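> I'd like to ask you about the structure that follows.
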Amino acid sequence: MKTVDDQLRSAARTASQTFPPGGSMPPLSLPDRAARHRLGTRRSRGFPANWPARAWLAPAAAAAAVAILVSGIVALQQSAHAHSGRAGTGSSAQPSTAQLRAQKQRRSLDALVVAAFAPATGPQYDQGTRLIWLLHGTELRATAGCMAASGYHISGTSQPFDLATYADNTQWPDLPRIARTHEFVAPGGIRSPSYSKAEQSALNACTSAAKAPYRGLTKLGTTLLDSWWKIVGPIQASARVRAALPALNACASQYGYPNDPYGNASGPIKSLPDFMGWVSGFLDGAASRGASAATMRSLDRHWTTVFVTCARPVVNIIQRMQVAAQPGFLRQNASQLSQLDRLTWRLLGPKAAHP
Amino acid sequence: MGITQLGASGPATRVELTPPGQLTAADAVTVLYRTHGMDLVRIAAVMLGSRAAAEDAVHDAFCGLFRHWDRLADRRNALPYVRSAVMNICRSELRRQARLERRADRHHRPLDGDSPEHAAILGEEHRDVVTALRRLPARQREALILRYFLDLPEPEIAAAMGISQGTVKSTTSRALAALARLLKDPS
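As structure tokens, this is what we get:
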């Protein structure tokens, strides 16, 4: 009798004959160069997650959590800026109400910059998407204005993005949101309307023009995010995190680990992604078997609770370490951060040239 | 449920292409498409169960690569990047199909079940294994498809899936056990 390995290899051999390496492919029709920086809704599906790919993520974090985070991040950032010797306003006079409002708005934007490009917690990660959403909103309005000038109408109102693409990741699980919504991901979908050739051409040109002011921010933000990732990766694989895994295993066993819908897991949970993989097996498995919406809701409610309950200690350790590492990182990258703040303020602040 | 890493570029997998700077973005992407397109269609076809859908997914991934070409820090990473894009597109498509199936169920319409095309994508002799693969959770299915159908080593599977090598090992092992169980008892 053939083993599973044999059967897979045999199927793979047949697949290689059916789809031979280097075999003839349909012609590749690449989009116009002008369309290379299109709006989030119309970007290519499934492109690997990076910050530009989060452009349509709806700001889903709870308002209370956001307020706490924003104030916390502002404190962190102020500390970073102070350390880097960045000058404040320097004025000892009482600021006016308008100045206070502007300062508050600037602090909020500065906090969003940190949450978007160096998030230490799941709620920060969710919150950071608000910056991308704000930027996208202004791009969309600019595009809609440009299209109107060309005689076409497109909505200038942002559409919700499919949260499923990003928000249920294992690196940044937002436990409060998961516990509150009982969903790992939010419902949604990408709307991809079709356009006539002329309208598409106008859209490409308008989108490219609307994107242009934000490219510097995108590039700088991505660089900062990459640097932060080099700190976060080792934290999540550190000895302290590994030391919390026996408790995670014990908790998971109360909910049936190592049983899964297809048999037993092969060994103990070795990482948060392992645990997420086990939990997601129940949901993915049910979905792929065509479970009803009611069943899926019930499964979501059960497994989000399990996930939040069991993952919380590990997530807390990870987040504490990331939160501890964040100020140092912000200090080390104070000049980049300051540049990002300035760019963001220029693009989204009260004096930004909103169309 | 998808798993996404923030800024996931995965371990740097070097693929030697024509030195950057000598070709335009369109030329470089087209060369990559001609060289590796069919490999990616193969895995997308096994995942999606349709050659046409697979070709669409791969085409979209390369268009995405072209649009993001300027943002690639190291263009030698283009292949892992586009591979990861194909996986994401397939994942989204399967999620969309699952949503449609759930909606059909809610409206008391009969479900399609495993489509005949999907089961027959590699011929009748492999129908069971292909059907069983389709019933695995997404991550397990992806791990097996990348390993067996693209013959990728663990570091490259990790890069394509945006997970660690350790997780690739455990996911693959769990997937093989699950597949064996499904093949033994398809019900």
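Residue numbers (our numbering), protein chains in the order written: chain A, 35 to 389; chain B, 136 to 322. All C-beta atoms, glycine included, are put in the ideal place defined by N, C-alpha and C. Because the structure is a prediction, the values reported are computed rather than measured.
(1) Could you compute how far the alpha carbon of A:L174 sits from the alpha carbon of A:K264?
(2) Which residue from A:H336, A:G185, A:A45 and A:V348 puts its Cα closest to that of A:G290?
(3) Would a check of beta-carbon distances place B:G184 closer than 7 Å to chain A?
(4) If the cut is a Cβ gap below 7 Å, which residues of chain A does B:E190 touch?
(5) Just how far apart, CA to CA, sit B:I280 and B:D286?
(6) Count the CB pairs spanning the segment 258-265 of chain B and the segment 289-298 of chain B that are closer than 8 Å, and state whether there are at least three.
(7) Distance check for B:R177 and A:L317, CA to CA, integer angstroms please.
(8) Mind listing which residues of the segment 158-185 of chain B have their C-beta closer than 7 Å to chain D's C-betas, in chain order?
(9) Does B:R218 come within less than 7 Å of chain A when only Cβ atoms are used?
(10) Classify B:A163 as buried or exposed, calling it buried when 16 or more other Cβ atoms lie within 10 Å of its own Cβ.
(11) How big is the Cα-Cα spacing for A:P347 and A:A359?
(12) Touch check for the segment 273-281 of chain A and the segment 300-312 of chain A: three-plus C-beta pairs under 8 Å?
(13) Run down chain A in chain order and give the residues with a C-beta less than 7 Å from the C-beta of B:I292.
(14) Start and end of the alpha helix (DSSP H) containing A:M59?
(15) Taking C-beta pairs closer than 7 Å, name the residues in chain A that B:T306 reaches, listed in chain order.
(16) From this set, A:S261, A:A176 and A:D308, which residue's C-alpha is nearest A:R365's C-alpha?
(17) Could you tell me the alpha carbon to alpha carbon distance between B:R269 and B:M182, rounded to whole angstroms?
(18) Does the distance from the C-beta atom of B:T302 to that of A:D308 stay below 7 Å?
(19) Using the three-state DSSP reduction, which class does A:N367 fall into: helix, strand or coil?
(20) Out of A:R211, A:G324 and A:E233, which one is the CA nearest neighbour of A:T338?
(21) Beta-carbon within less than 6 Å of A:E233's beta-carbon, same chain only, minus the 5 sequence neighbours each way: which residues are those?
(22) Which chain B residues sit within Cβ distance under 7 Å of A:F53?
In this structure, then:
(1) For A:L174 and A:K264, the distance between alpha carbons rounds to 33 Å.
(2) A:H336
(3) no
(4) P60
(5) 8 Å
(6) Contact between the segment 258-265 of chain B and the segment 289-298 of chain B is absent, with fewer than three C-beta pairs closer than 8 Å.
(7) 26 Å
(8) Reference to chain D is not applicable here, since the protein chains of this structure are A and B.
(9) no
(10) With 16 or more Cβ atoms within 10 Å of its Cβ, B:A163 is classed as buried.
(11) 18 Å
(12) The segment 273-281 of chain A is in contact with the segment 300-312 of chain A.
(13) Those do not exist, as B:I292 stays about 13 Å from chain A at its closest Cβ, beyond 7 Å.
(14) Here A:M59 belongs to no alpha helix (DSSP H), and DSSP marks it neither H nor E.
(15) G311
(16) A:S261
(17) Rounded to whole angstroms, B:R269 to B:M182 spans 7 Å at the Cα level.
(18) yes
(19) coil
(20) A:R211
(21) Y186
(22) M173, V176, R177 and A180
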